[in-house]
Amino acid sequence: MHLRYSFRVYPTRPQRQSLARTFGCVRTVYNDAVAARKAAHETGAKYPSAVALAKSLITDAKRTPGRAWLGEVSVVPLQQALRHCDRAYRNFFDSLKGKRTGPRIGPPRFKRRSGTQTAEYTRRGFRLKEDGRLYVAKVGDLKVTWSRELPAEPSSVTVVKTVTGKYYASFVIAVEDDADLLEPLDDPDAETGIDLGLKSFAVLRGGKVIESPKFFRQMERKLKKAQRALSRKRKGSNNRAKARIRVGKIHEKIKHTRSDWVNQQVAMIVAENQGIYVEDLNVRGLSRGRAAKSVQDAAFGIFLSRLESKAARAGRTFVRVDRYFPSTRLCSACGALTGPKGLDGLSIRQWVCGCGTRHDRDANAEINIRREGKRLVAAGHADT
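Numbering (the working numbering), first residue to last: 311 to 694.
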């Protein structure tokens, strides 16, 4: 199993200039590879292989006046850029043929100078030094702010520059599959269903509610003001570049606070429950509906994927209940489908079944999701 560990790095001014050259060369090689394959497609020629592209776009290109500056940076991130391009095309073709699960993906696109910049180094291009610094080939020793120790020697590192000008080192670490296993919980009640929603982010067993923080909604007014200021700046001016960074910093703050909050909730749920049962939401479909902004702000997809990953690493039971299972309409007392349904039923938070039981909408759904998840486990129909 491979995990990523990211740390903030603080390059000096000469190192920032060296990294800028590296990012530019990586971007150029990647875009040249995309252009070469697009040209091959338009002319009906055979797609050039990765080996052929490495020779023409790196080795031979360094000998030409127009690309001689490629020799000023390490060759490792340039080779990795070609591998990334090749993998992107393979994923695209597998998606077209139906060999790749998930939604259809498009072909690789050209990288932009204004976007996030990356350069990946394998073991040949970097080294961790005893003083805690990270040596990167043809860049130097980078100062790293270590928030934890790495569990093993990294196999690669990606130096990242965000649109706001921050630098990070992202290490890939190979760890044992049972490295994060937690002690099993013997309590039979240490399991929960999770009913996700927009009014409350999640309802757990016993009516425990996780309120939705709505990070984007909290920063929306400030973001609108920054975007209006950006729209008034003349294109190509320094003031526009500064305004774009201000907008990027707001988006970055929303992203980081949301990610940290999701990690905290996932850690809490995994630590307290041996069995975790969730509804398999169609997040992509919900993100195109009338509540799209609220759904995207809630980040259900990120939460579910991280919860599934951490539960698997911790040895917890994790089950996704079919999205068409009527968890809301089903009475948890008698099993009758008497609950609210349709768009008109979304506003109904309390309802009474024909059997006389009064239900809280979300608490009732959590009970039904938990029962269905346990049934799937007992029947052997769930991948746990």
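We treat Cβ as the ideally placed atom computed from N, Cα and C, and that holds for glycine.
Measuring straight from C-alpha to C-alpha, what distance separates residue i and residue j?
i    : j    : result
L452 : V467 : 12 Å
L444 : S604 : 41 Å
Q427 : L596 : 31 Å
A360 : V344 : 11 Å
T374 : S619 : 48 Å
V454 : V482 : 16 Å
V593 : F610 : 7 Å
F403 : G412 : 13 Å
A447 : S328 : 10 Å
K261 : R347 : With the chain covering only 311 through 694, there is no way to say anything about residue 261.
A646 : L506 : 22 Å
A364 : A484 : 28 Å
A398 : H351 : 16 Å
R633 : L591 : 6 Å
A608 : K409 : 31 Å
Q537 : A689 : 53 Å
R318 : F333 : 17 Å
E463 : M578 : 29 Å
R458 : C395 : 32 Å
Y320 : W456 : 12 Å
D654 : E521 : 23 Å
G376 : K559 : 35 Å
R393 : C663 : 59 Å
I504 : S510 : 11 Å
G425 : P498 : 50 Å
Which same chain residues, not among the five before or five after residue i, have their C-beta less than 6 Å away from its C-beta?
i    : result
G450 : Q325
A391 : V336, V339, Y340
I667 : The amino acid occupying residue 667 in the given sequence is Thr; Ile does not appear at that position. Counting only Cβ-Cβ distances below 6 Å, and skipping sequence neighbours, we find A643.
N583 : A500, E501, T502
F635 : E682
N678 : S637, L640, S642
R323 : none
T267 : With the chain covering only 311 through 694, there is no way to say anything about residue 267.
So residue i packs on residue j, CB below 8 Å; how close in whole Å?
i    : j    : result
T638 : G585 : Contact doesn't hold; Cβ gap of about 21 Å is too wide.
E676 : L508 : No, E676 and L508 are not in contact; Cβ-Cβ is about 16 Å, not under 8 Å.
L495 : A624 : Actually they are not in contact, since the Cβ atoms of L495 and A624 sit about 11 Å apart, beyond 8 Å.
L460 : Y315 : 6 Å
Note down, in chain order, each residue of its chain lying with its Cβ closer than 7 Å to the Cβ of residue i, except the 5 sequence neighbours on either side.
i    : result
E562 : T472, T474
A622 : F628
R434 : V386
R331 : E382, V383
N401 : R410, I415
P523 : W571
I612 : V572
A673 : V513, G517
L313 : I483, V485
S465 : R433, V482, A484
Would you call residue i buried or exposed, if buried means 16 or more other Cβ atoms sit within 10 Å of its Cβ?
i    : result
K535 : exposed
I415 : exposed
F420 : exposed
V580 : buried
Y477 : buried
D342 : buried
A479 : buried
E601 : In the sequence as presented, Glu is not what sits at residue 601; that position holds Ala. Burial call: exposed.
L406 : exposed
R568 : buried
R680 : buried
L614 : buried
C665 : exposed
V707 : Only positions 311 to 694 of the chain appear in this structure, which leaves residue 707 out of reach.
P418 : buried
V631 : buried
Within its chain, find whatever has a CB closer than 8 Å to the CB of residue i; leave out the 5 residues flanking it on each side and keep chain order.
i    : result
A378 : K372
R616 : V572, N573, V576
L540 : R550, A553, R554, R556, V557
E486 : M311
I658 : P650, R671
Q660 : R668, H669, D670, R671
L380 : C335, T338, V339, I368, A371, K372, L388
D488 : G625
G599 : V605
F525 : I564, T567, R568, W571, D607
Can you check whether the C-beta of residue i is within less than 7 Å of a C-beta belonging to chain B?
i    : result
A346 : Structure shown: chain B not included; a single protein chain is present.
Assess, as a yes-or-no matter, whether the region 556-575 is touched by the region 523-534 under the definition of 3 or more beta carbon pairs within less than 8 Å. yes
Please determine if the region 380-393 and the region 420-434 are in contact, where contact requires at least 3 C-beta pairs separated by less than 8 Å. yes
Any contact between the region 543-556 and the region 641-656? By contact I mean 3 or more CB pairs, one from each, below 8 Å. Touching, no, given that fewer than three Cβ pairs across the two stretches are closer than 8 Å.
Does the region 344-358 come close enough to the region 432-441 that 3 or more CB-CB pairs lie under 8 Å? no
If we count Cβ pairs, one from each stretch, closer than 8 Å, do we get three or more for the region 575-592 versus the region 675-688? yes
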